[in-house]
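Asks: Next up is a structure, given as structure tokens.
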């Protein structure tokens with residue numbers, strides 16, 4: 224439920240006897256173009272559309288866009304966008320999403336903060352298929368282009384919205400426009416506060432807990448006081464609530480009739496609860512969790528979630544997740560007669576502390592009352608991004624028009640993960656080894672690494688109006704990516720600094736600064752200068768291009784044909800070193816993946832302007848597709864699981880996308896979309912040889928797998944939505 228208590232600035236509704244004309248910036252030219260004559264499969268969502276969708280964040284746009292899957296990586300409240308058979312389903316820090324998100328020309332590199340609040344959005348364009356020429360790398364699936372609302376230069380205005388919903392959900396959103404000097408200088412102040420109690424309950428059951436020496440191969444039972452034989456359940460407390468504050472200050476200066484400058488300052492503070500987990504282990508199966516006494520709870524999963532809520536061992540889980548964003552952005556637009564110059568510069572700092580219980584069970588030692596972390600972890604990231612882009616565009620005055628630009632971005636990330644692996648205590652009698660019985664439950668393991676990334680690109684896009692009906696287009700972009708990685712194997716907290724074995728969690732900052740390898744030199748540390756590890760610095764140079772032909776058959780019907788190629792950047796893996804093994808075959812980067820797209824589209828608008836129907840047919844071939852596979856490493860007589868990325872797959876994705884808008888009466892309109900998709904692996908083969916490492920004494924277990932022919936994740940065969948709006 225929402226209520227607007229102060230009127231927003233009036234918007235022109237136009238002629239209500241026909242659908243309003245929609246213009247888009249998808250071609251990034253000097254002027255916007257009519258959606259119905261733009262040769263790109265783009266869906267435009269206006270501010271009014273967003274209000275009608277009642278979208279909390281931009282994932283709500285999916286109901287208005289065919290083939291756009293916008294999900295949430297639940298444990299981290301991160302974005303998981305997918306289009307045409309490609310998407311991101313995890314939050315590997317150095318892996319880029321194939322669906323790019325751009326806000327006021329600034330590329331958002333992290334999925335953790337891509338679920339933007341829709342309150343201040345003036346419009347969104349979702350471009351489907353590779354968009355590498357104009358929008359750069361990491362858009363092999365598509366791109367989401369967001370434009371926020373600018374200050375009103377002539378009239379004071381205020382928009383205040385209050386929302387209240389189930390599970391204690393409360394939201395306050397406010398925006399104020401202050402024209403300090405009419406038509407010359409104005410401010411816009413935007414802020415929102417979102418809070419809720421959450422809808423998860425910590426009711427997961429457990430036990431009786433079995434302690435079995437599975438490493439000995441005999442499954443011989445042993446006893447841990449206060450643990451063995453215990454059974455119980457969670458407190459039933461409610462968790463998973465939101466606590467987010469964000470705001471922007473915008474200042475626009477019309478320095479002259481031809482020059483406009485827009486400065487934005489952004490801040491966001493997220494203190495939402497850590498999202499709990501559910502134990503979905505199949506009952507009665509040969510799984511470790513069933514052996515140890517952690518079977519799948521019965522009843523509603525939302526009432527049987529688990530979180531240890533530990534605040535020691537570097538977890539601080541009871542404080543919830545903590546995400547801080549600080550950004551400064553400057554946009555300039557300078558009209559130069561027959562051309563317009565666009566320039567943008569921005570910096571964005573993002574810090575994250577994301578603790579979670581991953582097992583769906585949170586047992587407690589009945590004697591010490593201490594939580595048992597079967598597998599608790601926190602992911603701490605410190606990311607600094609800066610970007611500069613300059614482009615010049617002709618003003619569509621003649622038959623030849625073009626956009627020429629240059630782009631540069633640095634994106635440096637420092638990453639640490641802390642793991643508490645208490646389940647190992649239940650499977651190995653540490654007391655018999657002279658160690659505390661719950662050694663792992665009280666010994667956090669720390670893994671840290673870092674990646675520095677720099678991207679430089681130049682691009683040009685040209686259109687030629689060959690006749691009144693026929694237009695031809697071509698675009699080219701050349702990108703150079705440099706990435707350098709350094710990391711340390713996972714070690715116990717006490718091993719971070721050999722000179723300070725008594726190191727305590729309190730001595731580490733937040734986000735964890737254990738990635739300072741000079742200050743904390745413990746473990747095996749490698750970088751590009753380490754002998755044998757020159758692969759930790761890599762450079763790739765890649766072209767992207769597109770060819771387009773369009774034909775205006777009459778005032779109602781427009782068609783286009785496009786062939787395009789894009790790529791997703793290569794990079795490193797933040798999980799490297801998890802098993803204590805650091806060898807070149809594990810530290811190697813994954814190379815870029817490539818997409819070649821063939822697309823034909825029609826755009827139809829009836830003569831009376833009451834009906835729009837836009838069908839698209841496409842085929843996309845993905846080569847050297849990046850895929851993650853869990854392999855086995857072996858060290859000290861124990862087996863470990865490690866996530867490794869391979870350029871292992873070829874994917875073919877083909878389908879049909881349909882969009883419809885209709886004004887049934889002057890008061891009633893409908894909007895619908897549908898997509899039919901066939902995406903599968905033409906080839907997905909892994910051939911990982913066995914490797915022995917003399918330095919660490921560990922090894923990689925050989926693995927061969929063939930997953931060819933399987934369906935691709937996040938690629939539903941049919942999807943769609945329809946909505947209706949009645950206005951009085």
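In the numbering used here, the protein residues as written are 224 to 951. Each residue gets a CB set at the ideal place from its N, CA and C atoms; glycine is no exception.
(1) What residues in its chain sit with their C-beta under 7 Å from that of residue 958, if we drop five residues either side in the sequence?
(2) Please state whether DSSP places residue 685 in a helix, a strand or coil.
(3) Whether or not the region 694 to 707 and the region 601 to 613 are in contact is what I'm after, with contact meaning three or more pairs of Cβ atoms, one per stretch, closer than 8 Å; do they touch?
(4) My output table needs one value for residue 497: the three-state DSSP class, helix, strand or coil.
(5) Go ahead and label residue 936 buried or exposed: buried means 16 or more other beta carbons lie within 10 angstroms of its beta carbon, across all protein chains shown.
(6) Report yes or no: do three or more beta-carbon pairs, one from the region 273 to 282 and one from the region 897 to 916, lie closer than 8 Å?
(7) In chain order, what residues of the same chain have a beta carbon less than 7 Å from the beta carbon of residue 417, not counting five sequence neighbours either side?
(8) For residue 753, tell me which candidate among 788, 716, 769 and 708 has the shortest Cα-Cα distance.
(9) Between residue 683 and residue 743, is the Cβ-Cβ spacing less than 8 Å?
(10) Helix, strand or coil: which one does DSSP assign to residue 334?
(11) Sort out for me which residues DSSP pairs residue 508 with in a bridge.
(12) Could you name the residues of the same chain whose beta carbon sits closer than 8 Å to that of residue 858, not counting the 5 residues immediately before and after it, in chain order?
(13) DSSP three-state call for residue 1001: helix, strand or coil?
(14) Provide the residue span of the alpha helix (DSSP H) that contains residue 314, from first to last.
(15) Tell me the rounded alpha-carbon separation between residue 827 and residue 868.
(16) Compare the beta carbon distance of residue 675 and residue 635 with 8 Å and say whether it is the shorter of the two.
(17) Within 10 angstroms of its Cβ, does residue 938 collect 16 or more other Cβ (buried), or is it exposed?
(18) Which whole-angstrom value is the C-beta distance of residue 438 and residue 650, which I expect to be below 8 Å?
(19) Between residue 556 and the rest of its own chain, which residues show a CB-CB distance below 7 Å, the 5 nearest in sequence each way excluded?
(20) Measure the CB-CB distance between residue 362 and residue 327 and report whether it falls below 8 Å.
(21) Would you mind stating whether residue 289 and residue 880 have Cβ atoms separated by less than 8 Å?
(22) So what does DSSP say about residue 934, is it helix, strand or coil?
(23) What separation, rounded to the nearest whole angstrom, lies between the Cα atoms of residue 350 and residue 629?
(24) Below 8 Å on the Cβ atoms is my guess for residue 607 versus residue 572; work out the distance and round it to an integer in Å.
(25) Closer than 8 Å by C-beta to residue 830: which residues in its own chain qualify, once you throw out the five before and the five after it? Chain order, please.
(26) Per DSSP, which residues does residue 579 bridge with? Please list them.
(27) In or out: residue 360 buried (at least 16 other Cβ within 10 Å) or exposed?
(28) CA-CA distance, residue 856 and residue 910?
(29) Quick check on the DSSP output: the beta strand (DSSP E) that includes residue 836 runs from which residue to which?
(30) For residue 257 and residue 854, I'd like the C-alpha separation in whole angstroms.
(31) Tell me which residue opens and which closes the beta strand (DSSP E) that residue 784 is part of.
(32) Looking only at DSSP bridge pairs, what is residue 678 linked to?
(33) With 16 other CB atoms within 10 Å as the buried threshold, where does residue 403 fall?
(34) Between the region 409 to 425 and the region 446 to 455, can you find at least three pairs of beta-carbon atoms closer than 8 Å?
(35) Does residue 809 come out as helix, strand or coil in the three-state DSSP assignment?
(36) I need the DSSP call for residue 339, collapsed to helix, strand or coil.
Replies: Taking the structure as given:
(1) Nothing in the structure corresponds to residue 958, since the chain is present only between 224 and 951.
(2) strand
(3) no
(4) coil
(5) exposed
(6) no
(7) 394, 465 and 467
(8) 708
(9) Cβ distance not < 8 Å, so residue 683 and residue 743 don't count as in contact.
(10) helix
(11) Residue 508 pairs with nothing; no bridge assigned.
(12) The beta carbon of residue 858 is closer than 8 Å to those of 802, 803, 804, 919, 920, 921 and 922 in its chain, skipping five residues each way along the sequence.
(13) Residue coverage of the chain in this structure runs from 224 to 951, which leaves residue 1001 outside it and unanswerable.
(14) It is not in any alpha helix (DSSP H) - residue 314 carries neither H nor E in the DSSP assignment.
(15) 43 Å
(16) Yes; because the gap between Cβ atoms is below 8 Å, this pair is in contact.
(17) buried
(18) 6 Å
(19) 483, 563 and 565
(20) no
(21) Yes, Cβ-Cβ distance for residue 289 and residue 880 is below 8 Å.
(22) strand
(23) 21 Å
(24) 5 Å
(25) Result list for residue 830: 778 and 779, in chain order.
(26) 600
(27) buried
(28) 15 Å
(29) Under the DSSP assignment, residue 836 falls in the beta strand (DSSP E) whose first and last residues are 834 to 858.
(30) Approximately 50 Å between the Cα atoms of the pair.
(31) 780 to 791
(32) 632 and 704
(33) Exposed is the call here.
(34) No, they do not touch.
(35) Residue state, collapsed to three classes: helix.
(36) coil
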